[in-house]
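Peer 1: Below is the structure I would like to discuss, written out as structure tokens.
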Amino acid sequence: MNKNMNPVIDTQHLCKCYGTVKALQDISLNIQQGELFGLIGPDGAGKTTLFRILTTLLNADSGEASVLGYDVQNEFRCIRREIGYMPGRFSLYQDLTVEENLNFFATIFQTTIEEHYDQIREIYEQIAPFRKRRAGALSGGMKQKLALCCALIHSPKILFLDEPTTGVDPVSRKEFWVMLKRLRDKGITILVSTPFMDEARKCDRIAFLYEGRIRGINTPSVILEQFKDILCPPGLKHNHTEENERPIIKVDNLVKCFGTFTAVDHISFEVKRGEIFGFLGANGAGKTTAMRILCGLSLPTEGYAEVMGYDVRTQSENIKRHIGYMSQRFSLYEDLTVSENVRLFGGIYGVSKKEIPARTEAMLRRIGLYEERNTVVQSLPLGWKQRLAFSVAIFHRPQLVFLDEPTGGVDPATRPQFWELIYQAAEYTTPVLGTHLSSRRTRNHDIRYYSLYG
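Just add 1 to wherever you are in the sequence shown, counting from 1, and you've got this note's numbering.
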């Protein structure tokens, strides 16, 4: 990395507001050619807004920015030809196959897969066996690799990656960062945001954004030490009460097959009332499948399972009336406001109309979203949506709540707050969650995990 060159990304005093909300305030930074530069910060800090300005999808209110020497407002067409962008939500067409997605993006940039194959060869070879599979049917790790191939198809000089490994298991995350370092070694400049501090440590430099401002730019070790109380808070503690009741969940040799594929293979365990129980495993290990069976949403192929004394095969409707479920893809209505979502789910779950207004206000104050009660959900940061989705899942105080990857993509500063919500809920319900974040075993030592490998 040549420090004497002009920066390939340069911003001076950038500002952006959404109404009265100051998303970016006085943002000034420069990134050198060939640098792997990271953006970290809590949800709502302004990371995605900055990405959208630099990729010419959004205009700043004031300030200046250039990419590869081109002005982001006046020379946006030149910039778009030279960059690759992987937004927070994969920019893939779910109904197209792997091969069709690649051909589509190649056509947009007036090129072909063959012309720039050397650029994507190493990554493409990993997904080539699935080239006829629809993108929507791929695992999180495979989607991520396909999205990266699509962003590289025209051999860009700069890659913009907005939380590219959110919702991806640790093995796939590690593989992804190995690929990023190899791309950096080829001279490609990479700007990446991440909620994971182990990933931030792999960058050459990082910038910490907080409340729309850059609080510091330096090497990862310096920034993580300087802001350790915010970025790496201590683990939470929780005291369980002993329960002598019969298990709330009993599973014996449970199997689930989809055709010739075995998603869940002879699993057996029990869950006590009031404990926090987790399924631990990589993408595709069977966590979601197991949880859907226990929720009464899918029938097992073999074996036995009961939830709250109800057989999952014959009494699934009884199970559904007594549980809450937060799916990996949030079950929120994006076009409704925060409070409208809460009231809607309160009605669906049978909460009294007289109780809903007061309980809605109390819940939104508890999770810190009362000031956003009239905000349309679609415009909320990812971490805020997760807090809201969790809260509507427990609004009716169910005996059991199933949480599928509840902290996926939540920033380090917010993650302990989310776990505090789970601990509070455990006082009156039994949380069962699926996660691939193995570090949770050490930071929350009182959570019992069941490792899944299919």
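All C-beta atoms, glycine included, are put in the ideal place defined by N, C-alpha and C.
1) Hey, how far is the Cα of LEU58 from the Cα of ARG81?
2) Short check: CB of GLY42 to CB of LEU181, under 8 angstroms?
3) Are THR12 and ILE28 touching if we call contact CB-CB under 8 angstroms?
4) Measure the C-alpha to C-alpha separation of ASN75 and ILE10 and round it to an integer number of angstroms.
5) The alpha helix (DSSP H) with CYS18 in it runs from where to where?
6) Taking 8 angstroms as the threshold (C-beta atoms), are VAL378 and VAL339 in contact?
7) State the Cα-Cα distance for the pair VAL313 and ALA390, rounded to the nearest angstrom.
8) Sort ALA426, ASP405, GLY188, GLU372 by Cα distance to ARG398 and report the nearest one.
9) Does DSSP put CYS258 in a helix, a strand or coil?
10) Whole angstroms are fine: how far does the CA of MET143 sit from the CA of THR376?
11) Is it buried or exposed for GLU36, if we count other Cβ within 10 angstroms and need 16 for buried?
12) Using only the alpha-carbon positions, how far apart do THR190 and GLY70 sit?
13) Are at least three pairs of beta-carbons, each pair with one atom in the region 316-336 and one in the region 271-278, less than 8 angstroms apart?
14) Assign THR98 to one of two classes, buried (16 or more other C-beta atoms within 10 Å of its C-beta) or exposed (fewer than that).
15) Note the first and the last residue of the continuous beta strand (DSSP E) segment covering GLY64.
16) Can you have a look at ASN102 and say buried or exposed, based on whether 16 or more other CB atoms are within 10 angstroms of its CB?
17) Identify every run of the alpha helix (DSSP H) within the region 358-440, keeping only runs that are complete inside it and at least 4 residues long; order them along the chain.
18) Give the straight-line distance between the Cα atoms of LYS187 and ILE249, rounded to the nearest whole angstrom.
19) Suppose contacts are defined by Cβ-Cβ distances below 8 angstroms. Is GLY435 in contact with MET292 by that definition?
20) Looking at the strands, I want to know which residues DSSP matches up with ASP163.
21) Confirm, please, whether the CB-CB distance from PHE403 to LEU300 is below 8 angstroms.
22) Tell me, to the nearest whole angstrom, how far the beta carbon of ILE159 is from that of ALA107; I am working on the premise that it is less than 8 angstroms.
Peer 2: Taking the structure as given:
1) As a first step, residue 58 must be located in the sequence shown, where it is residue number 57. As a first step, residue 81 must be located in the sequence shown, where it is residue number 80. Distance between the alpha carbons of LEU58 and ARG81 is about 10 angstroms.
2) The residue labelled residue 42 in the question sits at position 41 within the sequence shown. The residue labelled residue 181 in the question sits at position 180 within the sequence shown. Not closer than 8 angstroms, so no.
3) Counted from its first residue, the sequence shown places residue 12 at position 11. Counted from its first residue, the sequence shown places residue 28 at position 27. With a cutoff of 8 angstroms on beta-carbon distance, THR12 and ILE28 are scored as near each other.
4) As a first step, residue 75 must be located in the sequence shown, where it is residue number 74. As a first step, residue 10 must be located in the sequence shown, where it is residue number 9. Rounded to whole angstroms, ASN75 to ILE10 spans 15 angstroms at the Cα level.
5) Along the sequence shown, read from residue 1 onward, the residue named residue 18 stands at position 17. If you look at CYS18, you'll find it isn't in any alpha helix (DSSP H); it sits in the beta strand (DSSP E) that goes 10-19.
6) Residue mapping note: residue 339 aligns to position 338 of the sequence shown, counting from 1. Residue mapping note: residue 378 aligns to position 377 of the sequence shown, counting from 1. Closer than 8 angstroms, so yes.
7) Here the question's residue 313 lines up with position 312 in the sequence shown. Here the question's residue 390 lines up with position 389 in the sequence shown. If you draw a straight line from the Cα of VAL313 to the Cα of ALA390, it is about 25 angstroms long.
8) Taking the first residue of the sequence shown as 1, we reach residue 398 at position 397. Distances from the alpha-carbon of ARG398 to those of ALA426, ASP405, GLY188, GLU372 put ALA426 closest.
9) Translated into positions along the sequence shown, residue 258 becomes position 257. CYS258 sits in a strand when the DSSP states are folded into three classes.
10) One-based indexing of the sequence shown puts residue 376 at position 375. One-based indexing of the sequence shown puts residue 143 at position 142. Roughly 34 angstroms separates the two Cα atoms.
11) Taking the first residue of the sequence shown as 1, we reach residue 36 at position 35. Of the residues assessed, GLU36 falls on the buried side of the cut-off, its CB having 16 or more other CB atoms within 10 angstroms.
12) The residue you call residue 190 lines up with position 189 of the sequence shown. The residue you call residue 70 lines up with position 69 of the sequence shown. Straight through space, the alpha carbons of GLY70 and THR190 are spaced by roughly 14 angstroms.
13) Output reads no: the region 271-278 does not touch the region 316-336.
14) The residue labelled residue 98 in the question sits at position 97 within the sequence shown. Under this definition THR98 is a buried residue.
15) Translated into the one-based positions of the sequence shown, residue 64 becomes position 63. Start and end: 63-68.
16) Taking the sequence shown and counting its residues from 1, the one referred to as residue 102 is at position 101. A residue is called buried when at least 16 other Cβ atoms come within 10 angstroms of its Cβ; ASN102 meets this threshold and is buried.
17) Taking only runs of at least 4 residues, the alpha helix (DSSP H) segments lying wholly in the region 358-440 are 383-394, 416-426.
18) Here the question's residue 187 lines up with position 186 in the sequence shown. Here the question's residue 249 lines up with position 248 in the sequence shown. LYS187 and ILE249: Cα-Cα distance of roughly 54 angstroms.
19) Residue numbering aside, residue 435 sits at position 434 when the sequence shown is read from its first letter. Residue numbering aside, residue 292 sits at position 291 when the sequence shown is read from its first letter. Judged by beta-carbon spacing, MET292 lies within the 8 angstroms limit of GLY435, meaning their Cβ atoms are closer than that value.
20) In the sequence shown, the residue the question calls residue 163 occupies position 162. When DSSP reads this structure, ASP163 sits in a beta bridge with SER194.
21) Counting from one through the sequence shown, the residue named residue 300 turns up at place 299. Counting from one through the sequence shown, the residue named residue 403 turns up at place 402. Not a contact, by the Cβ cut-off of 8 angstroms.
22) Walking along the sequence shown from the start, residue 159 turns up at place 158. Walking along the sequence shown from the start, residue 107 turns up at place 106. Not really, about 19 angstroms apart at Cβ, beyond 8 angstroms.
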